[in-house]
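One structure below.
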Amino acid sequence: MKVLLVTLASLFASASCLRHPAAPWGTTAPRTRTSTTALGMAGGGRLNCRPLGTGSAAPATVVTNSDLESVVETSDEWIATRTGISQRRILTNDGGVGIKNLAADAAAAALAASGLSGSEVDLVIVATSSPDDLFGDATSVAAAIGATTNCVAFDLTAACSGFLFATVTAGQFLHNGGVKTAVVVGSDALSRWVDWDDRNSCILFGDGAGAIVLQACESGDASGLLGYSMHSDGKGQPQLMCGYQGTDRMVATPGDGTIMSKGAYNFMTMNGKEVYKFATREVPVVLEEALEQAGMTVDQVDWLLLHQANIRIIDTVAKRLKIPTEKILTNLKDYGNTSAASIPLALDEAVRSGQVKKGDVIACAGFGAGLSWGSAIFKM
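For the sequence shown, counting from 1, position 263 maps to 262 in numbering that gives the first Met the number 0; every step adds exactly one.
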């Protein structure tokens with residue numbers, strides 16, 4: 000198992016909210032903001048919290064594009080050209096390691112980087128759509144890092160937007176004084192729910208976890224979460240989903256018995272064309288909303304960090320915002336789409352390598368199933 004450590008020295012205020020109606024399904028043209036006064040519940044300005052450390056973890060097993068040539072009809076060139084992915088990390092079923100283990104390792108790494116102990120953590124949020132325990136992994140992660148009776152822990156499910164939504168949620172607790180220190184984890188093992196006979200989906204996904212330690216700070220702190228905006232539109236839910244598909248089970252209740260449902264889920268399904276149009280239409284807009292909440296412009300952004308779904312989406316969003324390629328943070332090539340883990344994993348590597356430095360402004364955006372999408376502006 001690979002564990003990555005980094006240290007950050009500073010991060011994350013609540014103002015009025017922006018919310019704009021999503022464009023109709025099938026729309027391909029870039030969408031522009033229609034109002035700067037529309038009131039909603041999912042946007043705001045500075046939250047008084049800052050990051051103290053990050054960490055990430057990935058499975059040891061690497062599956063390359065060339066490996067997949069023997070699984071489905073595909074090629075390394077075909078995958079790399081259309082997605083930007085060269086390999087992905089996969090959780091296997093024979094190593095005794097689950098996604099909650101990766102989540103705990105990432106959280107422990109972030110704590111070690113922050114210089115804090117688990118007993119100082121008040122809140123743990125695990126953003127995941129693929130927990131080991133249907134009832135949630137957060138309490139197990141909290142216990143693993145030594146955050147027990149004085150800590151509250153819960154899962155948050157928002158698929159590929161999950162880490163961003165969880166970070167804003169933790170930021171609200173910290174900003175409002177409810178807690179002092181929080182650990183936010185993004186972790187997913189979507190390889191469990193991929194149809195490995197479907198070449199359009201199995202090539203995309205990998206497994207991993209990333210985490211960040213956040214601590215409440217004074218309103219005058221220069222760094223932090225400067226602005227955010229979040230949206231969802233359930234009309235797009237069928238475009239990307241992993242639906243329940245139970246099987247019949249007869250239970251011998253009095254009379255003719257009762258047909259119950261034995262729990263199971265179908266493979267994940269995705270309408271790639273519609274998801275691409277959704278992401279390239281909505282993500283530039285939500286980034287501009289978050290920048291407006293932060294009182295900033297695109298020119299003040301040092302780095303663009305998007306959910307690592309597809310290099311074509313990332314490049315298109317950057318182009319529409321007129322952000323040059325050299326300002327894009329990505330590790331998609333080595334990990335694939337790790338869902339809720341993708342943003343913290345990429346951030347962790349960028350800071351550890353020295354690419355991201357103290358004082359840099361990062362515009363982040365997550366997008367995916369729900370459909371959901373959101374953005375946050377961080378000053379490191």
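Note that the Cβ used here is the ideal one computed from N, Cα and C, for glycine as well.
Since this is a predicted model, take the numbers as computed values, not measurements.
In angstroms with no decimal places, state the Cα-to-Cα distance between Val274 and Leu189.
-> 17 Å
Taking only the alpha-carbon atoms, compute the straight-line gap between Thr36 and Leu110 and give it to the nearest angstrom.
-> Interpretation of Thr36 is limited by its pLDDT of 33, a score under 50 that renders its predicted location unreliable; no figure is taken from the coordinates.
Determine contact between the stretch 317 to 324 and the stretch 152 to 169, defined as no fewer than three beta-carbon pairs at a distance below 8 Å.
-> no
Identified DSSP bridge partners for Arg244 = Contrary to the premise, residue 244 reads as Gln rather than Arg in this sequence. None; Gln244 has no bridge partner.
Own chain partners of Val285 with C-beta closer than 7 Å, once the 5 adjacent residues on each side are dropped = For Val285, where only same-chain residues beyond five positions count, the Cβ hits under 7 Å are Ser228, His230, Ala364, Trp372, Gly373, Ser374.
Inter-stretch contact at 8 Å, needing at least 3 Cβ pairs: the stretch 144 to 156 / the stretch 290 to 308 | no
Identify whether Ala208 lies in helix, strand or coil by the three-state DSSP scheme.
-> The three-state secondary structure of Ala208, taken from DSSP, is strand.
Starting from Pro130, trace the beta strand (DSSP E) both ways and give me its first and last residue.
-> Taken as a continuous stretch (DSSP letters only), Pro130 belongs to no beta strand (DSSP E), as it is neither H nor E.
Just reading off the alpha helix (DSSP H) that Gly161 is part of, what are its end residues?
-> 161 to 174
Could you please give the first and the last residue of the uninterrupted beta strand (DSSP E) stretch that includes Val183?
-> Secondary structure note for Val183: its beta strand (DSSP E) is the uninterrupted segment 180 to 188.
Are the CB atoms of Ser85 and Lys276 nearer to each other than 8 Å?
-> Going by C-beta atoms, Ser85 is not nearer than 8 Å to Lys276.
Spatially closest choice to Asn270 from Arg45, Asn199, Ile124, by CA coordinates | Of the candidates Arg45, Asn199, Ile124, the residue whose Cα lies closest to the Cα of Asn270 is Asn199.
Local Cβ density within 10 Å of Ala126, reported as buried at 16 or more and exposed below that | buried
Would you call the CB atoms of Leu441 and Ile376 closer than 8 Å?
-> Because residue 441 is not part of the residues shown, which for the chain are 0 to 379, the question remains open.
Is the beta carbon of Gly170 sitting closer than 8 Å to the one on Leu213?
-> yes
Closer than 6 Å by C-beta to Ser34: which residues in its own chain qualify, once you throw out the five before and the five after it? Chain order, please.
-> At Ser34 the pLDDT is 38, less than 50, meaning the model places this residue with poor confidence and gives no usable figure here.
What's the call for Ile312, buried or exposed, on a 16-neighbour Cβ count within 10 Å?
-> Classification of Ile312: buried, given that the 10 Å Cβ count is 16 or more.
In angstroms with no decimal places, state the Cα-to-Cα distance between Lys356 and Asp347.
-> 12 Å
Could you pull out every residue in the same chain whose Cβ sits closer than 6 Å to the Cβ of Asp247, ignoring the five residues on either side in sequence?
-> Ile258
Distance between Glu68 and Phe342 (C-alpha atoms, nearest Å) | The sequence shown places Ile at residue 342, rather than the Phe named in the question. The straight-line gap from Cα to Cα measures roughly 28 Å.
Secondary structure at Val355, three-state DSSP: helix, strand or coil?
-> coil
Give the DSSP-derived three-state secondary structure of Lys318 in the structure shown.
-> helix
Val297 lies in the beta strand (DSSP E); which residues open and close that run?
-> From DSSP, Val297 is part of no beta strand (DSSP E); its letter is neither H nor E.
Reference Ile124; option with closest CA among Ala146, Ser116, Gly114 | Ala146
I think Leu173 touches Leu115, with their Cβ atoms under 8 Å apart; what is that distance to the nearest whole Å?
-> With a Cβ gap of about 14 Å, Leu173 and Leu115 do not count as contacting.
Over what stretch of residues does the alpha helix (DSSP H) that includes Leu331 continue unbroken?
-> 331 to 334
Quick one, which of Ile98, Asp121, Ala108 has its alpha-carbon nearest Leu133's?
-> Ile98
Take Ala79 and list the residues in its own chain whose beta-carbon comes closer than 7 Å to its own, dropping the five residues that flank it on each side.
-> Asn64, Ser85
Counting only beta-carbon atoms, is Ile124 nearer than 8 Å to chain D?
-> Protein chain content of the structure displayed is limited to a single chain, and chain D is not contained in it.
Entirely enclosed beta strand (DSSP E) segments - the stretch 73 to 126, minimum 3 residues | Under the rule that a run must span 3 or more residues, the beta strand (DSSP E) segments found entirely inside the stretch 73 to 126 read 86 to 89, 122 to 126.
Below 6 Å CB to CB, which residues in the same chain sit around Ala157 once its five sequence neighbours on both sides are set aside?
-> Phe164, Ser371
Below 7 Å CB to CB, which residues in the same chain sit around Cys216 once its five sequence neighbours on both sides are set aside?
-> Asn47, Cys48, Arg49, Gly223
Taking C-alpha atoms, which residue in Ser160, Ser129, Ala102 lies nearest to Ser139?
-> Ala102
Just to confirm, are Gly54 and Ala105 a CB contact at a threshold of 8 Å?
-> Yes; because the gap between Cβ atoms is below 8 Å, this pair is in contact.
Mind checking whether Asp187 and Ala56 have CB atoms under 8 Å apart?
-> no
Does the ligand ADP have a heavy atom nearer than 7 Å to the CB of Val360?
-> What this structure holds is no ligand at all, so the ligand ADP is not there to describe.
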